[in-house]
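Only one structure is covered here, and it is reproduced in the block below.
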Amino acid sequence: MSDDDFEAGDSLEGFGDDSARTIRNFSCAEARFGAECLLGLPIEKREAKMAELFGDDPQILLPVFEVLRDRWESSPASVRDDAEYFYRFLLEKVSPCAEPQYKTGKFLFDERDYFLAEAALIAGTACRNLSRREEAWRWFNRSEVWFLSTARWLLSIGRLPLDLARLSYQRLALLTEERRFDEVRELLPQVTEVLERFEGREEALKCRFLEGGILIETRELEKAKEVYFEIASRAKALEKGEKLFATAQYNLVQLHAELGETEAALVASREAIPVLRRLDNRIGVGKLQCGLGLLYRKQGNRAAAIETFRAAQMEFEDLEMRADVAALHLIIADLLLEAGQEPQARWEIQAALPIIDEYKLVPEGMAALSLLHQSLKSHRINQQALRDLHGYFGNQN
Amino acid sequence: MDERLREVESLFASMRKAIRAWAFRDGLNREERAVFEDCLHDWCWRFAWRPGSERSLKNLREGLTSFATHHARSFKGIDVEAYRREKAAHKEAAAQFRLKLKKLQQNPASDSSKVDPEDQEKRTS
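In the order they appear, the protein sequences are chains A and B.
According to the working numbering, the first sequence is numbered sequentially starting from 77.
According to the working numbering, the second sequence is numbered sequentially starting from 24.
So this is what it looks like as structure tokens:
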């Protein structure tokens, strides 16, 4: 047995510079390409090809999960389906590592438990992006149990706090979206500290986004702006901080717009757009368009605002982010009412209401929702109820 | 090899002596020790790919120590020949798969993300 199954410089031509990094039998670029091929197969065809395409091998599964994490903001619906597929596959087709098996099996020691935990964390995060909150909670619970399960292989706690803190971050993000701000404020400092201590610096910085999001929701806009400025500046210093930088920028677009700071909003937008496009961060592009729509609205340019919100809505529709689509129906309805186009506004509201019911969104906005329902029946839209209701979506848009 | 893996290799090399000593303590013969060491080495390389691991080798050292001290004895009596055969077959399969990937990657007409290597190979041959 050689110590180095894969020799440095042994990579195949055509896979670029990154091929120097390896996972034993494959260069990084080969493994990543293999992962993309596997993910490119429709799920119904994948089962038969799993062994052939090394889908049952940690060397390809690691980049598969890396690709899924990279894509959860560009195609959350397919990431959710893929993560569920791999979770089920691992659960049903890969035997638990009992003593006689882990000696020679493809999955060594804690690896099956780890992959199950990671698949569940990815599925839960994608569900969170899709506003499928109950489902997200279920996946996060599964992830927790499997991460805990990795500890049975270890004498010390190892990297468990880091993995659990990554999971806790997603849970707190979900709580923020459910507007349970007090709970988030109570727990966020501990999670941030653990992430910083275990050198999860990007994850620790992500916690500041939750802080900024809550400040926006509680209308402490200047404080929120400071938080996002700090995030952008710290993200620039990180090796892989580009994504966080762009996210901070699109939040700043929205904040500048709300504060009527047109020039600053446009500057932030110009800095963010190329990065978001390069990273294929379509959620980010949609959110940035929302910020610009808000800016046009503040300027009184209703037509441009509607057009920009529509562009964001189409992006979210493609991504199957139906809660965001519903929120934008309400915002557009509000603008149409201002323009005296009540029939069109009615259509927008009627398109949003079934989604709000189906996803059990904005439970705290039930009164406004009920008022809006009643006003639709009486053929005179209650604009205040409409504004109250889309205000509850604020954190998402 | 990139910096991260160089560090992993260096860590593993620095622990190799201790790993062998733990395996010896648990009664593994020379060949069983080699299999045990090989499994730990594989695990190590893959661990380096987990999110966050690139930033700290501390967790890797802890994990490695846990496995080396706690699980060595379960390798006692392992079928070394079967392990070697399995490992060689796996290496060969991986080499074949790499060739398939190369063919796919070099075929500019293909949309590699939407096809599987076998179908693509049939199409191009």
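Where a beta carbon is used, it is the ideal one built from N, C-alpha and C, also for glycine.
Its chain contains 428, 431, 432 as the residues whose beta carbon lies nearer than 6 Å to that of residue 402 of chain A, once the 5 sequence neighbours on both sides are disregarded; these appear in chain order.
In chain order, 234, 235, 238, 274 make up the part of chain A whose C-beta sits under 8 Å from the C-beta of residue 82 of chain B.
When Cβ-Cβ separations below 8 Å define contact, residue 40 of chain B makes no contact with chain A. Using a Cβ-Cβ cut-off of 8 Å, residue 106 of chain A counts as an interface residue toward chain B, since at least one Cβ of chain B sits closer than that to its own. Ranked by Cα distance from residue 216 of chain A, the first of A/236, A/235, A/240, A/229 is A/240. Sequence-distant partners of residue 83 of chain B (beyond 5 residues in either direction) whose C-beta falls short of 8 Å from its own C-beta, in its chain, are 31, 34, 67, 70, 71, 76. Interface annotation, residue 113 of chain A: in contact with chain B, CB-CB separation under 8 Å. For the pair residue 242 of chain A and residue 269 of chain A, the CB atoms are not nearer than the 8 Å cut-off. Take residue 325 of chain A, set aside five residues on each side of it, and the residues of its chain with a beta-carbon closer than 7 Å to its own are 308, 344, 347, 348, in chain order. Beta-carbon to beta-carbon, residue 259 of chain A and residue 250 of chain A are separated by about 11 Å, too far to satisfy the 8 Å threshold. The beta carbon of residue 127 of chain B falls within 8 Å of a beta carbon belonging to chain A, placing the residue at that interface. By the Cβ neighbour-count rule, residue 196 of chain A is buried, with 16 or more other Cβ atoms within 10 Å of its own. For residue 130 of chain A, the three-state secondary structure derived from DSSP is coil. When the alpha-carbon of residue 114 of chain A is set against those of A/392, A/357, A/139, A/238, the nearest one is in A/139. Ranked by Cα distance from residue 214 of chain A, the first of A/360, A/188, A/201 is A/201. The beta carbon of residue 372 of chain A sits closer than 7 Å to those of 380, 381, 384, all from its chain and outside the five residues before and after it, given in chain order.
Within the same chain, Cβ atoms closer than 7 Å to the Cβ of residue 203 of chain A are found at 156, 211, 212, 215, the five residues on either side in sequence being excluded. As summarised for the region 115-165 of chain A, there are no continuous beta strand (DSSP E) elements at least 3 residues long confined to that stretch. In the DSSP assignment, no residue is bridged to residue 219 of chain A. The three-state secondary structure of residue 225 of chain A, taken from DSSP, is helix. Nearest in C-alpha terms to residue 261 of chain A, of all of A/238, A/290, A/271, is A/290.
In the DSSP assignment, residue 392 of chain A forms no beta bridge with any residue. By the Cβ test, the region 89-100 of chain B is in contact with the region 38-45 of chain B, since at least three Cβ pairs between them sit closer than 8 Å. Contact note: residue 45 of chain B does not reach chain A at a C-beta cutoff of 8 Å; the least C-beta distance is about 12 Å.
Under the 8 Å Cβ criterion, the region 386-397 of chain A counts as touching the region 360-370 of chain A, having at least three qualifying pairs. Among the residues facing chain B, residue 101 of chain A is included, as its CB has a counterpart in that chain under 8 Å away.
Assignment of alpha helix (DSSP H) within the region 394-461 of chain A, counting only whole runs of 4 or more residues, yields 398-414, 418-434, 442-453 in chain order. As the crow flies, the alpha-carbon of residue 237 of chain A is around 8 Å from that of residue 274 of chain A. Cα atoms of residue 248 of chain A and residue 106 of chain B: separation of roughly 45 Å, rounded to the nearest angstrom.
Assignment of residue 103 of chain A by DSSP, reduced to helix, strand and coil, places it in the strand class. About 6 Å separates the Cβ atoms of residue 134 of chain A and residue 183 of chain A, confirming a contact at the 8 Å cut-off.
Residue 386 of chain A sits away from residue 411 of chain A, with the two beta carbons spaced by 8 Å or more.
Not a single CB atom of chain A sits nearer than 8 Å to the CB of residue 50 of chain B.
Taken through DSSP and simplified to helix, strand or coil, residue 130 of chain B comes out as coil. For residue 303 of chain A, the enclosing alpha helix (DSSP H) starts and ends at 297-313. Taken through DSSP and simplified to helix, strand or coil, residue 52 of chain B comes out as coil.
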